[in-house]
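Note sheet for the following structure.
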Amino acid sequence: MTDFTRTHMKEAPSWWANAVVYQIYPRSFQDTNGDGMGDLPGITQRLPYLADLGVDVIWLSPVYKSPQDDNGYDISDYRDIDPMFGTLEDMDALLDDAHKLGMKVVMDLVVNHTSDEHNWFEKSKQNDPAYADWYMWADPKPGHEGGTEGAEPNAWGSYFGGSAWEWVPERGQYYFHQFSKKQPDLNWQNEDMRRAVYAMMNWWMDRGVDGFRMDVISLISKRYDEEGRLPGVPNSQLPMREAGPDGYVNPFADCSDGPRLDEFLQEMHHAVFDGRDGYLTVGEAPGISADRAAEVTALAPSAPQSRELDMLFLFDHVDINTYGPGGKWGVVEQPFKDVRPCLKKYESIVEKGGWTSLFFCNHDQPRSVSRWGDDSTDALRIRSAKALALVLHLHKGTPYIYQGEELGMTNADYTRLEQYEDLESINMYHQLVGAGVLTAEQMLAGIQRVGRDNARTPMQWDDTRYAGFESADAERAPWLEVNANKAFVNAAAQVNDPESVHAFYKKLISLRHTSELVALGDWSVLDESNPSVYAYVRSRGDERLLVLANMSGAPAAVPAEAAALLGGGFRNVLVANDAADDVRAQLSAGTLQAWTAAAVLL
Numbered sequence: 001m002t003d004f005t006r007t008h009m010k011e012a013p014s015w016w017a018n019a020v021v022y023q024i025y026p027r028s029f030q031d032t033n034g035d036g037m038g039d040l041p042g043i044t045q046r047l048p049y050l051a052d053l054g055v056d057v058i059w060l061s062p063v064y065k066s067p068q069d070d071n072g073y074d075i076s077d078y079r080d081i082d083p084m085f086g087t088l089e090d091m092d093a094l095l096d097d098a099h100k101l102g103m104k105v106v107m108d109l110v111v112n113h114t115s116d117e118h119n120w121f122e123k124s125k126q127n128d129p130a131y132a133d134w135y136m137w138a139d140p141k142p143g144h145e146g147g148t149e150g151a152e153p154n155a156w157g158s159y160f161g162g163s164a165w166e167w168v169p170e171r172g173q174y175y176f177h178q179f180s181k182k183q184p185d186l187n188w189q190n191e192d193m194r195r196a197v198y199a200m201m202n203w204w205m206d207r208g209v210d211g212f213r214m215d216v217i218s219l220i221s222k223r224y225d226e227e228g229r230l231p232g233v234p235n236s237q238l239p240m241r242e243a244g245p246d247g248y249v250n251p252f253a254d255c256s257d258g259p260r261l262d263e264f265l266q267e268m269h270h271a272v273f274d275g276r277d278g279y280l281t282v283g284e285a286p287g288i289s290a291d292r293a294a295e296v297t298a299l300a301p302s303a304p305q306s307r308e309l310d311m312l313f314l315f316d317h318v319d320i321n322t323y324g325p326g327g328k329w330g331v332v333e334q335p336f337k338d339v340r341p342c343l344k345k346y347e348s349i350v351e352k353g354g355w356t357s358l359f360f361c362n363h364d365q366p367r368s369v370s371r372w373g374d375d376s377t378d379a380l381r382i383r384s385a386k387a388l389a390l391v392l393h394l395h396k397g398t399p400y401i402y403q404g405e406e407l408g409m410t411n412a413d414y415t416r417l418e419q420y421e422d423l424e425s426i427n428m429y430h431q432l433v434g435a436g437v438l439t440a441e442q443m444l445a446g447i448q449r450v451g452r453d454n455a456r457t458p459m460q461w462d463d464t465r466y467a468g469f470e471s472a473d474a475e476r477a478p479w480l481e482v483n484a485n486k487a488f489v490n491a492a493a494q495v496n497d498p499e500s501v502h503a504f505y506k507k508l509i510s511l512r513h514t515s516e517l518v519a520l521g522d523w524s525v526l527d528e529s530n531p532s533v534y535a536y537v538r539s540r541g542d543e544r545l546l547v548l549a550n551m552s553g554a555p556a557a558v559p560a561e562a563a564a565l566l567g568g569g570f571r572n573v574l575v576a577n578d579a580a581d582d583v584r585a586q587l588s589a590g591t592l593q594a595w596t597a598a599a600v601l602l
């Protein structure tokens, strides 16, 4: 990575101002032992590919020991590696090789909840005095027998379906779980529990990890009344919110961005990161506003005690048009023009002294080229994948690439529910279809469009039987079916092709490393109401970069404000998904062809 940020530290918040992060979903990246699951040696094997791509940081989704109820986001031992992925020695080897190649490694940190098979929970379930209050326990509703219908402490429902409360007879209480019943929420009110979390984080940092991506970290502080009671429990001063069509109340509003979140994050920073250099902390932050994100990510040099996180993942842009009766599963259309105001909000975080992450894809989201691009033909897939990449990577912030995004990988081509493994998709199918909220056909269409397994199909390295994820003669097939389009969407076909999606990503990453205008320049939007063309300007001193992208499948006029800037001409085409001469011709004619995206120096 170019070190120009060191020369401009008064303007750049840290080394990650011109860095690019690559997310790996380990079980789907590379299998080296033929068991159908990706593993740590497989990631190590592919490090040269990532170094050649140019990424600076690798983010690993969870590889800790886990029963895999939610694909590793249910951790049973924070200080061990699940045998599915390898050993601690394999992790050490990965860290060592990545560092030798100039890449940092960030681990997923899941501390809103653990697995119900974690030793902490086993002891809490037995009412061990040292651990009794490490999770969120509550008595049955007065007048009801624990474990019977209606005896739950309140009407909260799990995001994965059903009640958010699970009865434990040996303790005589319920525990709270926002997600799967095998993922009990930790009680962050308990100081001993927090100290144990920080000790574990320091253990990993001392081992060589370069930071953490913190899963649903905005949900760790819950809302209690003055007497420490949750909403809806007897005598609580906090009102219960309205139930949804499934009869449950969504607990999100009382769990997101709670009153002690800043306190907990500041405490975490002091306990783990004070005195360390070169690390990265990014928090998954559902429910956090852009204004709050600026506060959480502010460097605050005048008040170092208020340091929290380096950047956040916000979800406004991936949650658009998902609030009908069927929630995200009832989605019919998600036009890119609705994404643009969200990106403007994210840029406001930087303007206010914070920092922002830039992403379209991750392990929980469908593939961006299937969601907002056009994957109906290979030519349109390539063109729209490049357009999406250009508009994202030329924003100010830190870009994240999800594995396969740099190849233009698409949603899974599954047609039957039995092909899916995702717990959320399967549970919500049965709940919403069973309640008559959606028909079976509507729900399957929703899963095909936005289900999490769309991003989890095996990485497509080549066109062999299992796409190079494992050997073609492996005894066990991959844990998820490989997308049939691996025949033409794969890394082997792209790494030496200068016109490929992969080559385009390499060019964008290089610009992030070498151009102060791209990494540090100010950002301003143009022609906000234009239905098809997304236009914005990056500026730094006398330099100005105009970014224009027709994010539609039909020709569109260059919008007025952008046309006015082009009236004086431009110096050159910095990067585009068309040949420079073709871009010049389109701009001269005042019309952008379908999916044309370009950045020109004014």
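Numbered according to the numbering used here, the sequence shown spans residues 1 to 602. Think of the CB as a built atom: it goes at the ideal place given N, C-alpha and C, for glycine as much as any other residue.
Spatial neighbours of E470 in its own chain (CB-CB distance under 6 angstroms, excluding positions within 5 residues in sequence) are listed in chain order as D31 and G34.
Counted as a single uninterrupted DSSP element, the stretch harbouring I349 is not any beta strand (DSSP E) but the alpha helix (DSSP H) occupying residues R340 to E351. By the Cβ-count criterion, Q173 is buried, with 16 or more other Cβ atoms from all chains shown falling within 10 Å of its own Cβ.
The Cβ atoms of A576 and V391 do not sit closer than 8 angstroms to each other. Shortest Cα-Cα distance from R229 to any of V573, R340, A519 and D254 involves D254.
With at least 16 other beta carbons inside 10 angstroms of its own, N112 counts as buried. Under DSSP, M240 takes part in no beta bridge, so it has no partner. F313: member of the beta strand (DSSP E) spanning M311 to F313, first to last residue. Residue environment analysis places F359 among the buried positions, since at least 16 neighbouring C-beta atoms fall within 10 angstroms of its C-beta. Closest by C-alpha distance to L444, out of A487, N427, D56 and N235, is N427.
Every beta strand (DSSP E) stretch that sits fully inside the segment 74-114 and reaches 3 residues is listed by chain position as 77-81 and 104-109. D522 is bridged by DSSP to S539.
Within its own chain, the residues whose Cβ lies closer than 6 angstroms to the Cβ of K337, once the five positions on either side in sequence are excluded, are P531, listed in chain order.
Ranked by Cα distance from R367, the options V495, I447 and T415 are led by I447.
About 17 angstroms separates the Cβ atoms of D522 and A562, ruling out a contact at the 8 angstroms cut-off.
Residue nearest to T87 within the set K100, F273 and V63 is V63 (criterion: CA-CA distance). In the three-state reduction of the DSSP assignment, D316 falls in the coil class. A residue is called buried once 16 or more other Cβ atoms fall within 10 Å of its Cβ, and A243, having fewer, is exposed. Assignment of R452 by DSSP, reduced to helix, strand and coil, places it in the helix class.
DSSP, reduced to helix, strand and coil, places Q586 within a helical segment of the structure shown. Under the three-state reduction of DSSP, D192 is assigned to helix. Residue pairing from DSSP places A597 in a beta bridge opposite A549. Its chain contains F360, S368, V369, W372 and G373 as the residues whose beta carbon lies nearer than 7 angstroms to that of L388, once the 5 sequence neighbours on both sides are disregarded; these appear in chain order. Remark: C-beta atoms of N490 and Q460 approach each other more closely than 8 angstroms. Rounded to the nearest angstrom, the gap between the Cα atoms of G397 and G434 is 43 angstroms. Here V168 is bridged, per DSSP, to Q173.
Its Cα nearest to that of P184, the residue A164 stands out among S425, A164, S256 and M551. The Cβ-Cβ distance between G72 and D82 falls below 8 angstroms. Of all C-beta pairs linking the segment 33-52 to the segment 474-494, three or more are shorter than 8 angstroms, placing the two stretches in contact. Unbroken beta strand (DSSP E) runs of no fewer than 3 residues, entirely contained in the segment 203-227, are found at 211-214, following chain order. For D90, the closest of S539, G208 and P153 by C-alpha to C-alpha distance is G208. A direct Cα-Cα distance of roughly 17 angstroms separates T281 from F315. Our two residues, V110 and Y279, have alpha carbons roughly 18 angstroms apart in a direct line. Collapsing the DSSP output to three states places I24 in a strand.
In this structure, DSSP gives I447 a helical state, which the three-state scheme calls helix. For the set T44, D74, G150 and T377, the Cα lying nearest the Cα of K104 is the one of T44.
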